[in-house]
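Student: After the structure tokens below, expect a handful of questions from me.
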Amino acid sequence: MSKKVAFLQGNEACALGALYAGCRFFAGYPITPSTEVAEVMAKELPKVGGAFIQMEDEIAAMAAVIGASLTGIKSLTATSGPGFSLKQENLGYACITEVPCVIINVMRGGPSTGMPTGPSQSDVMQAKWGTHGDHPAICLVPASVQELFTETVRAFNLAEKYRTPVTVMPDEIVGHMRERIVFPEPGELPVINRTAPSVSPQSYQPYDTSFGDIPPLAAFGSGYRFHVTGLNKAQDGFPTTRADIVQAEEERQVRKIENAVDDIVTYEEYLLDDAEVVVIAFGSIARSARYAVNAARKNGIKAGLFRIITYWPFPDRQIRALAERAKAVIVPEMNLGMTVHEVRRCVEGRVPVSGIFRVDGEPISPNEIFARIQEVR
Amino acid sequence: MGFDYEKYIRPGKLPHIWCPGCGHGIVMKGLIRAIDALSLDKDKTAIVSGIGCASRLPGYMDFCTLHTTHGRGVAFATGIKMARPEMNVLCVGGDGDGVAIGGNHFIHACRRNIDMTYLIMNNNIYGMTGGQFSPTTPFGAKASTTPYGNPDPPFDIAKLAIGAGATFVARGTAFHAAQIEKLLIEAIRHKGFSVVEILDSCPTTYGRRNKFKSVVEMMNQLKESAVPVAAAEKMSPEQLEGKVLTGVLYKENKPEYVAEYGKLVTRVQESMAG
Amino acid sequence: MEKKQPEIKIIEKYCKGCHICVEFCPTQVLEMRGFTAVVKNPDACIACMQCELRCPDFAISVTK
Amino acid sequence: MSCSRYEIRFSGAGGQGLILAGIIMGEAAAIFEGKQAVQSQSYGPEARGGASKSEVIISDEPIDFPKATSVDALLALTQQACDKYSKDLKEGGILLVDSDLVKKLPKGNFTVVRFPIINTAKNEVGRTIVANIVALGAMVALSGIVSRESALKAVLSRVPEAFVELNRKAFETGYNRALEARG
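Protein chains in written order, with our numbering: chain A, 1 to 377; chain B, 1 to 274; chain C, 1 to 64; chain D, 1 to 183.
Put into structure tokens, the structure is as follows:
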């Protein structure tokens, strides 16, 4: 049987991926260039008995998503830079309360209103450091329409498995371009559902670490009554200021992701086995980079591409290993230097790292990357 | 035996954190009696709040409780109600939380007419942060950020709610303790967005700065300024000067959001079925 | 038949000493002793329940 | 750098339906011919007016860079779009312009095809609104990158029943006029 094929926009594929993953609630606020995600969800959710709501602002949309998820429903919101800034308050709330949810942030130029229709990759630091306090972050950066579908499914899986918010951040080019997509059959991609508590409502505690670093989350309305607060809390969910408990709980939340990096971190290696010049890129710019690497190979230069798919947790170990054998590393990105700092942190001076930065609303072209490969070879 | 409040309170949570003379405890008791009178299922009832003194209320209550971010309680509650329409959703908070930082969520919940009850404990001040003026602090009153008197005119929360489209709006006071329960029973029964504003006392950060000798004086002021709506109809504008109306101020039946969305879902699914 | 007097119970550890119950009791049943309300004149109680209703601290219960 | 990579750019003013023309071209290639295709666009903040472009890259192999780098075939429906978007039209590429609206052509060695696209839609087909489909028919004819049948199927799968004939006529008219104009 031939599979269903379509020519779809990234944002549309993202919404369909969410539905495939079992998402049944969407709350959002219109913002370019992410709005198509909301439009598809508004159309499709009623068909599957889900609910869509357009809220009064970005903050409210993030709040509604957390509220809905607490009733056990997989929930999604979508936004772009300025909206992502507004969502940080309640994103932090989802982090400390450990409520699974998925946030799509289609990256556009900034800061502030910036360039609403122009592509950018400058929210990657905001995805980790945007909300105050310490917390782990999972952030996925797909590079194609097909991958925006599959990574949205994976985002829901990670959110449920690790009981945490997950962001998916296509740049505007990936969000808005159209490509051929082959829809996976139901059951073809894994879909992870939330682990229900195994204890009785009387003995349930929302942060009960006797179940490990990821305690099961009960659903409101299912017979389990518990308290959820954004204050630092103890295992029973009630606020505490006891130093030992607060320290232990914060460390557990970070540890639950750190210990799972091998499960979470994904990347693509292209022609890296003998590569002397390594290009590290993500999103649409990784596509420019691949084009440039192919051109370099045709010109006899041993170039390769390391494509980041999971941005947070950052692929530290893999990039450190590349630095052992490469002569030069190039980091092209649509910002004024963000990933390049992470890469430098990983390579610890073993190899020269240079960046190619653009924030003018134009993608970094294959020629720019190819020219740099020739310079640093 | 008097009324058994502790049946609805989580074991070991009393005494609460509110200051001596703070009316929030009186309001919470009214809420508990209303819930009891309506026999709301604890497992199917969510109590949501934002941040502030009043927003600590859900932590005591043995229900599905959610203490959220400042001003956002109504938005979180909206997500719960949309995802689980069968749940009773109650939202509680104070004046700063509800109509300053949460003002946008408040007016839109009113407009949407989503089926939930929003209980606002209005003590005219930000208590938890130490007594800064709020959007309901009277003109001229002293607060830590209006040391020379408040130059900023206040909101009338009930009028704001009515103007924004809430379909049930009531006002009571912490002094009129028995009435709180009655207003809340009617509000929770109402299908749509219901707002109950309770004028409350903050002796610690408002009373002391504004020459109230004790909470008793604050309670007396609530007692004397409140005029039931029925009584007000027979009073002249002069007699009503400085008074506040209490009771059910507004009520109408309008399409409710969750029910309307449910109809939309049915319509879409029927058209798909052919 | 002898009239049964209401029983007023005050939970001392909940009482924060706000005076509300004392001030608004119509028959002066209660008084402050230090920081806590106590029953001074139980026979005067008419079971109007105002003290129980108005106690912000869940400290008073009246059994008719 | 892949030799099969073919880049098409539809340009004009916002609201002329050029993004849809690009999408249909992409669908013709990706769905009806099983090729690889990527469509993207750039536009200003205006919902209508302003220079707008829609690009389609078609290839037999996976497409890396999704934007045009060296355009094989360019449509320009306005002078502004022609001035702005013709710089990277490659040597020997095809330049299709509306002969009523684009008077000044870029310098270079291009196969220039001119006919009054918008007026053809208005007068010969009967509705200005299908100018984008006239242009699409013309681009299909001139580029030859997808078959006439695939492209027509892609057009018709996009339009409501009531507009099938109008769009078929628009497509065919554009296709034929372009071939005549090229000579």
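Where is the CB? At the ideal position from N, CA and C, for every residue including glycine.
Since this is a predicted model, take the numbers as computed values, not measurements.
(1) In chain A, which residues lie with their C-beta within 7 Å of the C-beta of Tyr261(B)?
(2) Please name the residue in His132(A), Glu172(A), Glu250(A), Leu322(A) whose C-alpha comes closest to that of Val145(A).
(3) Could you say which of Ser75(A), Gly212(A), Gln88(A) lies nearest to Thr69(B) if we only look at CA atoms?
(4) Closer than 7 Å, Cβ to Cβ, to anything on chain A: give me those residues from the region 62-86 of chain D, in chain order.
(5) On the DSSP bridge list, what partners appear for Glu7(D)?
(6) I believe Thr145(B) touches Phe133(B) by the beta-carbon criterion, under 8 Å. Please report the beta-carbon distance rounded to the nearest angstrom.
(7) From Phe212(B) to Pro203(B), what does the alpha carbon distance come to, in whole angstroms?
(8) Could you give the C-beta distance for Glu12(C) and Thr36(C), rounded to a whole number, given that I count them as a contact under 8 Å?
(9) For the 8 Å Cβ check, are there 3 or more pairs between the region 144-155 of chain D and the region 28-43 of chain D?
(10) Looking at Val92(B): is its Cβ nearer than 9 Å to the Cβ of Val48(B)?
(11) Using three-state DSSP, classify Trp129(A) as helix, strand or coil.
(12) Which residues in the same chain have their Cβ closer than 7 Å to the Cβ of Tyr291(A), if we skip the five residues on either side of it in sequence?
(13) Can you confirm whether Ile94(D), when its beta carbon is compared against all beta carbons of chain A, has any partner nearer than 9 Å?
(14) In chain A, what lies closer than 8 Å to Asn104(B) by C-beta?
(15) Along chain F, which residues have their Cβ under 7 Å away from the Cβ of Ser40(D)?
(16) Just verifying my parser: in three-state terms, what is the DSSP assignment at Cys14(A)?
(17) So, are the CB atoms of Asp98(D) and Ile117(D) less than 9 Å apart?
(18) What's the call for Gly118(A), buried or exposed, on a 16-neighbour Cβ count within 10 Å?
(19) Is Ile118(D) close to chain A, meaning its C-beta is less than 9 Å from at least one C-beta of that chain?
(20) Taking the C-alpha atoms as reference points, what is the distance between Ala230(B) and Gly247(B)?
(21) For the candidate residues Val130(D), Asp72(D), Pro106(D), whose alpha-carbon lies nearest to that of Gly92(D)?
(22) Hey, Ser11(D) and Lys84(D): beta-carbon distance below 9 Å or not?
(23) Taking 8 Å as the cut-off, does the region 178-194 of chain A touch the region 293-307 of chain A (at least 3 CB pairs, one atom from each stretch)?
(24) Quick one: grab the DSSP three-state call for Cys25(C).
(25) Can the beta-carbon of Gly50(B) be found closer than 9 Å to that of Arg72(B)?
(26) What residue range is occupied by the uninterrupted alpha helix (DSSP H) comprising Ile173(A)?
(27) Find out if the Cβ-Cβ distance for the pair Ala286(A), Arg307(A) is shorter than 9 Å.
(28) Tell me which residues share the same chain as Trp129(A) and place their Cβ nearer than 6 Å to its Cβ, disregarding the 5 neighbours each side in the sequence.
(29) Pick from Phe226(A), Asn157(A), Ile192(A): whose alpha carbon is nearest that of Lys44(B)?
(30) Pick out whichever of Ile57(D), Asp100(D), Ile8(D), Val112(D) has its Cα sitting closest to the Cα of Gly183(D).
(31) Could you tell me the distance, in whole angstroms, from the CA atom of Ser143(D) to the CA atom of Val40(A)?
(32) Would you mind telling me which residues of chain B sit closer than 8 Å to Glu12(C), beta carbon to beta carbon, in chain order?
(33) How would you label His176(B), buried or exposed, when you count the other beta carbons within 10 angstroms and need 16 or more for buried?
(34) Tell me which same chain residues have a C-beta within less than 6 Å of the C-beta of Arg33(B), skipping the five on either side of it?
(35) Could you give the DSSP three-state label for Tyr148(B): helix, strand or coil?
(36) Evaluate the contact criterion for the region 47-61 of chain A versus the region 10-23 of chain B: three or more CB pairs, one atom per stretch, below 8 Å.
Tutor: Reading off the structure:
(1) Ala51
(2) Glu172(A)
(3) Gln88(A)
(4) Asp64, Phe65, Pro66, Lys67, Thr69
(5) Ile57(D)
(6) 6 Å
(7) 8 Å
(8) 5 Å
(9) yes
(10) yes
(11) helix
(12) Pro366
(13) no
(14) The answer, in chain order, is Glu56, Asp57, Ala60.
(15) Within the model displayed, chain F is absent; protein chains A, B, C and D are what it includes.
(16) Cys14(A) falls in the helix class under three-state DSSP.
(17) In this structure, Ile117(D) lies closer than 9 Å to Asp98(D) by Cβ.
(18) Gly118(A) comes out buried.
(19) no
(20) 9 Å
(21) Comparing Cα positions, the closest option is Asp72(D).
(22) yes
(23) Short answer: they don't touch.
(24) coil
(25) yes
(26) First-last of the alpha helix (DSSP H) with Ile173(A): 172-176.
(27) yes
(28) none
(29) Phe226(A)
(30) Val112(D)
(31) 33 Å
(32) In chain B, no part has a C-beta under 8 Å from the C-beta of Glu12(C); the shortest such distance is about 11 Å.
(33) buried
(34) Cβ contact annotation for Arg33(B) (same chain, cutoff 6 Å, sequence separation greater than five): Glu181, in chain order.
(35) coil
(36) Cβ pair count under 8 Å is below three, so no.
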